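Novice: I have a structure here, written as structure tokens, and I will follow up with some questions on it.
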Amino acid sequence: MTDSLSPYAPGSLITVAGLPIAEVASILALTTRLEKMAAAERRQLLAGRTLALLFYESSTRTRTSFELAAKSLGATTTLVSDKSSSIEKGESLKDTGLTLRALGAECIVLRHSAGGAPFLLARTTGLPVLNAGDGMHQHPSQALLDLRTILSRLGLADRPVDDKVLAGVTITITGDIRHSRVARSNAMLLPRLGAKVLLCGPVELLPEEAATLGEGVEIVRDFDTALRRSQVAMMLRIQSERLAGLKLDLNEYIAGYQLTAARLERCSPNALVMHPGPMIRGLEIQGEVADSPNSAIEQQVSNGLAVRTALLVRALGVSL
Amino acid sequence: MLIKNGRVIDPASGLDAQRDILVRDGVIAAVEAPGVLAGVEVAETLDATGCVVAPGFVDVHVHLREPGQTYKETIATGTSAGAAGGFTSVVAMPNTVPVNDTVASLEWMLEPARNSAVRLFAMPAATMGSMGAELSDYPALARAGAVGFTDDGKPVLEDAMMRAALLSAGRLGLVVSQHAEDTRLTGGCSMNAGPVAFRLGLRGMTIEAESRIVERDIALLRDIEAKDGVRPHLHVQHVSTARAMQAIQRAKSDGLHVTCEVAPHHFTLTDEAIGDFNTNAKMNPPLRVESDRLAMIAALLDGTVDCIATDHAPHARHEKEQEFERAPNGITGLETALGLALRVLHREHGMPLARVISLMSANPASIVKLNDAGSLKPGAWGDLVVFDAGAEWQFTASASRSMSKNTPFDGAAMLGRIKATVVGGRVVFKS
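So this is what it looks like as structure tokens:
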């Protein structure tokens with residue numbers, strides 16, 4: 342959301358909804374430029390700049406990724422988490438944000454359990470805010486790193502990133518879509534680049550309204566059917582902490598929706614296998630599939646670091 | 071006081087004509103053709119040229135936050151906002167701190183010392199502390215001036231308790247006003263269930279959570295009428311779903327005493343208004359989808375809906391400036407009710423002006439049995455509103471007389487501007 346009418350500071354990335362495709366292309370291009378840059382040169386880019394990582398929800402992958410990205414650019418970072426801070430004493434998100442701004446933070450990376458929290462923080466502080474995951478709403482940096490992974494693994498990395506770059510590509514997202522900000526972000530971004538997105542899962546985890554997330558989004562209940570049509574299988578964890586009263590028979594779920602080596606071989610032997618983590622081996626995915634040559638899971642993590650480097654450079658307004 | 075040169079619209083007496091109105095000793099003394107009252111000596115004259123003169127509006131559903139939450143609103147500021155919106159009588163809900171559930175608290179609230187700008191009435195809690203476990207003392211509260219009973223934001227969930235409330239209030243000829251929400255189905259929900267909630271990753275309230283309570287309450291009415299020889303009166307607050315409205319329509323055609331209200335925001339906005347998690351569009355019942363909005367309009371047009379009520383619910387800025395799921399429900403509404411009703415119902419959907427006025431005056435007055443309000447007949451209270459029905463303007467939240475500014479209508483287009491509000495022959499607002 343960087344247009345001039347936006348109430349959010351330029352460089353913010355809160356949602357992929359409405360993010361212009363040209364912006365997506367420019368972030369991915371910046372990622373590549375930064376990746377090719379010598380480490381010493383990169384460390385000068387944000388030297389003397391300060392940013393805050395505000396984490397209201399535990400996270401290993403995303404937090405470390407943003408932190409290492411910031412350090413590789415020479416920025417000073419401060420980590421504030423809901424344990425061990427004034428948040429625990431009941432300070433509001435707005436006041437925490439204003440405090441960080443007063444202490445010199447020029448950008449805040451926010452992970453929060455409440456959907457929409459980054460909008461509030463961006464409105465009240467005027468700082469660029471990078472959404473590192475908010476409730477069940479969005480995880481935009483994840484969608485961008487997933488896109489980069491798909492493009493490179495499908496041999497599309499050299500094509501211009503536009504509304505047709507993923508034309509002819511079908512991606513199945515399977516699992517707990519109801520509670521997944523990753524699914525929402527991907528289902529809202531990928532169709533805008535030409536992809537067909539199939540959402541797959543039992544009705545408890547995938548309500549019918551999920552099909553309204555994007556133009557090319559379709560619900561396919563049968564996992565085998567969806568896989569047969571797909572070049573990419575994106576698996577999701579069941580978020581038991583968010584199930585809140587939903588009854589789910591795990592054995593039934595495993596039988597119907599686990600990505601097994603046999604199923605992959607039978608339905609789509611060359612499909613790219615993805616997972617945003619954390620992964621529960623033996624539940625949504627068999628360990629051997631996660632470790633197979635089809636898997637892009639580790640590459641997703643390294644792309645995460647690269648994309649977040651670009652997002653921080655963009656947030657702090659450094660032009661290359 | 072003489073109000074002259076206005077187009078007098080009084081739905082209660084079927085009047086729509088140029089008339090002058092004389093208010094003496096606080097009551098309507100005469101309604102006459104232009105010039106007839108010219109020789110009468112009055113202390114004050116109000117020129118209503120080019121304006122509609124109508125009975126003062128009655129709002130059966132406002133939150134004034136006093137006692138206990140005077141940082142959001144006081145009776146003085148809330149009723150001042152009411153006066154600015156053309157309201158001359160308002161009914162305060164009991165969810166104050168402490169809850170208004172005793173004669174002492176009711177009397178305290180109604181004392182002149184609270185400085186209400188308009189006539190103030192109250193519905194005390196239907197159950198003690200609005201906890202749903204023990205009825206409050208209805209006969210005593212009725213003697214002290216209660217115009218009905220409600221637990222408002224907390225529906226009376228237990229069948230036996232709601233039955234007892236309807237029966238007790240029915241014996242006194244008073245209404246039980248119910249917030250229809252089966253809270254057992256809405257835990258953790260902060261907006262309407264549907265595609266928008268899914269996109270925002272928020273848990274949604276289903277329409278069944280509203281309709282189930284309405285259907286249950288209607289079944290209780292039927293049962294009480296059959297078994298107890300009492301005809302209870304159920305008033306369904308701020309209906310927001312087509313399904314609940316259908317249930318009300320059926321009950322009415324079955325002859326049961328059910329009335330209902332619709333809030334201006336529910337006939338104006340849908341859940342799309344939440345946009346980027348705008349907490350000023352968070353209320354309960356939540357904004358619904360377009361088909362529900364249109365169903366509310368259809369029911370307003372066909373007479374199923376008895377009145378418009380604002381559910382004026384002020385909250386301090388710091389309370390709304392929170393994560394969407396944590397922010398309190400509610401928006402202010404007293405100053406935008408007429409502007410939205412005229413814009414949406416009158417202009418966009420062709421509702422006659424007299425019908426809009428009726429929905430905001432005579433009809434709500436009759437629900438709470440204010441027999442001298444809602445009419446301009448001689449002898450009625452000298453409560454009236456003068457407004458320019460054709461004036462287009464933009465509402466500015468910062469200019470509101472309410473202490474709180476939580477509204478999704480900041481900058482919204484309004485039709486019809488209040489020029490003056492008169493209570494008992496005394497001008498309480500003038501623009």
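Each protein sequence line maps, in turn, to chains A and B.
Sequential numbering from 342 applies to the first sequence in the numbering used here.
Sequential numbering from 71 applies to the second sequence in the numbering used here.
Beta carbons: idealized from backbone N, C-alpha and C, even for Gly.
Everything numeric in this text was worked out from a predicted model, so none of it was measured.
If you compare alpha carbons, which of B:T119, B:S472, B:V97 is closest to G460 of chain B?
Specialist: Within the second sequence, the letter at position 390 stands for residue 460 of chain B. If we check each option's Cα against that of G460 of chain B, B:T119 comes out closest.
Novice: What three-state label does DSSP hand D90 of chain B in the structure shown?
Specialist: Numbered from its first residue, the second sequence carries residue 90 of chain B at position 20. It is a strand residue.
Novice: Could you list which residues in chain A have their beta carbon closer than 7 Å to that of G481 of chain B, in chain order?
Specialist: As a position in the second sequence, residue 481 of chain B is number 411, starting the count at 1. Within 7 Å of the CB of G481 of chain B, no CB atom of chain A is found; the nearest one sits about 14 Å away.
Novice: Taking 8 Å as the threshold (beta carbon to beta carbon), is H478 of chain A in contact with chain B?
Specialist: Along the first sequence, read from residue 1 onward, the residue named residue 478 of chain A stands at position 137. Chain B contact via Cβ: present.
Novice: Counting only the same chain and skipping the five closest in sequence on each side, list residues whose C-beta sits under 6 Å from that of E136 of chain B.
Specialist: Position 66 of the second sequence, counted from the start, is the residue given in the question as residue 136 of chain B. Same-chain partners within the cutoff: T144, I145.
Novice: Please compile the residues from chain A whose C-beta is within a distance smaller than 7 Å of the C-beta of D278 of chain B.
Specialist: For the purposes of this step, residue 278 of chain B is identified with residue 208 of the second sequence, where counting begins at 1. Looking at the sequence provided, one finds Glu at residue 278 of chain B rather than Asp. Those do not exist, as E278 of chain B stays about 15 Å from chain A at its closest Cβ, beyond 7 Å.
Novice: So M615 of chain A packs on V573 of chain A, CB below 8 Å; how close in whole Å?
Specialist: Counting from 1 along the first sequence, the entry for residue 615 of chain A is found at position 274. Counting from 1 along the first sequence, the entry for residue 573 of chain A is found at position 232. Under the criterion of beta carbons closer than 8 Å, M615 of chain A and V573 of chain A qualify as touching, at roughly 6 Å.
Novice: Would you mind sorting I621 of chain A into buried or exposed? The rule is 16 or more other CB atoms within 10 Å of its CB.
Specialist: Reading the first sequence from its first residue, position 280 is the one you call residue 621 of chain A. Exposed.
Novice: What is the DSSP secondary structure of C377 of chain B, counted as helix, strand or coil?
Specialist: In the second sequence, the residue the question calls residue 377 of chain B occupies position 307. Here C377 of chain B sits in strand by DSSP.
Novice: With 8 Å as the C-beta to C-beta threshold (strictly closer), list the residues of the stretch 388 to 419 of chain B near chain A in chain order.
Specialist: H388, E391, Q392, E393, F394, E395, R396
Novice: So, helix, strand or coil for T417 of chain A, using DSSP?
Specialist: Working through the first sequence from its first residue, we reach residue 417 of chain A at position 76. Correct three-state label for T417 of chain A: strand.
Novice: Assuming P125 of chain B contacts D453 of chain B under a Cβ cut-off of 8 Å, what Cβ separation, rounded to an integer in Å, is found between them?
Specialist: Counted from its first residue, the second sequence places residue 125 of chain B at position 55. Counted from its first residue, the second sequence places residue 453 of chain B at position 383. Contact holds; Cβ gap of about 7 Å.
Novice: Using the three-state DSSP reduction, which class does R555 of chain A fall into: helix, strand or coil?
Specialist: By 1-based counting over the first sequence, the position of residue 555 of chain A is 214. A quick correction: the sequence has Gly, not Arg, at residue 555 of chain A. Note: G555 of chain A maps to coil in three-state DSSP.
Novice: Which residue's Cα is closest to the Cα of G155 of chain B: B:L440, B:K447, B:S431, B:S445?
Specialist: For this step, residue 155 of chain B is matched to residue 85 along the second sequence. Among B:L440, B:K447, B:S431, B:S445, the Cα nearest to that of G155 of chain B is on B:S431.
Novice: Could you pull out every unbroken alpha helix (DSSP H) segment of at least 4 residues lying fully inside the stretch 166 to 241 of chain B, listed in chain order?
Specialist: Listed in chain order, they are 173 to 180, 208 to 213, 229 to 241.
Novice: Helix or strand or just coil, what does DSSP make of G460 of chain B?
Specialist: Numbered from its first residue, the second sequence carries residue 460 of chain B at position 390. In this structure, G460 of chain B counts as strand in the three-state DSSP scheme.
Novice: Between the C-alpha atoms of H419 of chain B and A383 of chain B, what's the straight-line distance to the nearest angstrom?
Specialist: Here residue 419 of chain B refers to the residue found at position 349 of the second sequence. Here residue 383 of chain B refers to the residue found at position 313 of the second sequence. Taking the straight line joining both Cα atoms gives about 27 Å.
Novice: Please determine, among A:R569, A:P634, A:S433, the residue with the shortest C-alpha to C-alpha distance to V510 of chain A.
Specialist: Against the first sequence, residue 510 of chain A aligns to sequence position 169. It is A:R569 whose Cα lies nearest to the Cα of V510 of chain A.
Novice: Are D475 of chain A and A446 of chain A closer than 8 Å when you measure CB to CB?
Specialist: Taking the first sequence and counting its residues from 1, one reaches residue 475 of chain A at position 134. Taking the first sequence and counting its residues from 1, one reaches residue 446 of chain A at position 105. Result no, Cβ atoms of D475 of chain A and A446 of chain A do not sit closer than 8 Å.
Novice: Just checking, does the stretch 199 to 208 of chain B make contact with the stretch 160 to 177 of chain B on the three C-beta pairs under 8 Å criterion?
Specialist: yes
Novice: So, helix, strand or coil for R282 of chain B, using DSSP?
Specialist: The residue labelled residue 282 of chain B in the question sits at position 212 within the second sequence. Of the three classes helix, strand and coil, the one that applies to R282 of chain B here is helix, per DSSP.
Novice: Using a Cβ cut-off of 8 Å, pull out every chain A residue sitting near P265 of chain B, in sequence order please.
Specialist: As a first step, residue 265 of chain B must be located in the second sequence, where it is residue number 195. P265 of chain B reaches chain A at E550, T553, counting residues in chain order whose Cβ is nearer than 8 Å.
Novice: Taking 8 Å as the threshold, find out whether the stretch 247 to 266 of chain B comes into contact with the stretch 352 to 360 of chain B through three or more Cβ pairs.
Specialist: yes
Novice: Under 7 Å Cβ-Cβ, which residues of chain B neighbour F460 of chain A?
Specialist: As a position in the first sequence, residue 460 of chain A is number 119, starting the count at 1. By Cβ distance, chain B contributes D346, F347.
Novice: Can the beta-carbon of L653 of chain A be found closer than 8 Å to that of L394 of chain A?
Specialist: The residue labelled residue 653 of chain A in the question sits at position 312 within the first sequence. The residue labelled residue 394 of chain A in the question sits at position 53 within the first sequence. If you check the CB distance, L653 of chain A and L394 of chain A do not come in under 8 Å.
Novice: Which of the three DSSP states, helix, strand or coil, is assigned to S345 of chain A?
Specialist: Position 4 of the first sequence, counted from the start, is the residue given in the question as residue 345 of chain A. Caution applies to S345 of chain A, whose pLDDT of 45 falls short of 50 and renders its modelled position unreliable; the value that the coordinates give is listed next. It is coil, neither helix nor strand.
Novice: Going by the beta-carbon positions, is the gap between F337 of chain B and R313 of chain B smaller than 8 Å?
Specialist: Looking up residue 337 of chain B in the second sequence gives position 267. Looking up residue 313 of chain B in the second sequence gives position 243. 8 Å or more divides the Cβ of F337 of chain B from the Cβ of R313 of chain B.
Novice: With three or more beta-carbon pairs closer than 8 Å as the criterion, would you say the stretch 232 to 249 of chain B touches the stretch 431 to 448 of chain A?
Specialist: no
Novice: Among residues of its own chain, excluding the 5 on either side of S470 of chain B, which ones have a beta-carbon nearer than 7 Å to its beta-carbon?
Specialist: Taking the second sequence and counting its residues from 1, one reaches residue 470 of chain B at position 400. Only A151, T402, E405 meet the Cβ criterion.
Novice: Give the residues of chain B in contact with K435 of chain A, contact being defined as C-beta atoms less than 7 Å apart.
Specialist: Here residue 435 of chain A refers to the residue found at position 94 of the first sequence. Those within 7 Å of K435 of chain A in chain B are E391.
Novice: In the stretch 517 to 536 of chain A, which residues sit with their C-beta less than 7 Å from some C-beta in chain B, listed in chain order?
Specialist: R522, R525
Novice: Do L485 of chain B and L412 of chain B have their beta-carbon atoms positioned less than 8 Å apart in this structure?
Specialist: For the purposes of this step, residue 412 of chain B is taken as residue 342 along the second sequence, with counting starting at 1. For the purposes of this step, residue 485 of chain B is taken as residue 415 along the second sequence, with counting starting at 1. For L412 of chain B and L485 of chain B, yes; Cβs fall inside 8 Å.
Novice: Which partner residues of Q479 of chain A appear in the DSSP bridge assignment?
Specialist: Position 138 of the first sequence, counting from 1, holds the residue named residue 479 of chain A. A:D475, per the DSSP bridge assignment.
Novice: Mapping DSSP to helix, strand and coil, what is G274 of chain B?
Specialist: Against the second sequence, residue 274 of chain B aligns to sequence position 204. DSSP places G274 of chain B in strand when its eight states are reduced to three.
Novice: What would DSSP say about T119 of chain B, mapped onto helix, strand or coil?
Specialist: What you label residue 119 of chain B is simply residue 49 of the second sequence in a count that begins at 1. T119 of chain B falls in the coil class under three-state DSSP.
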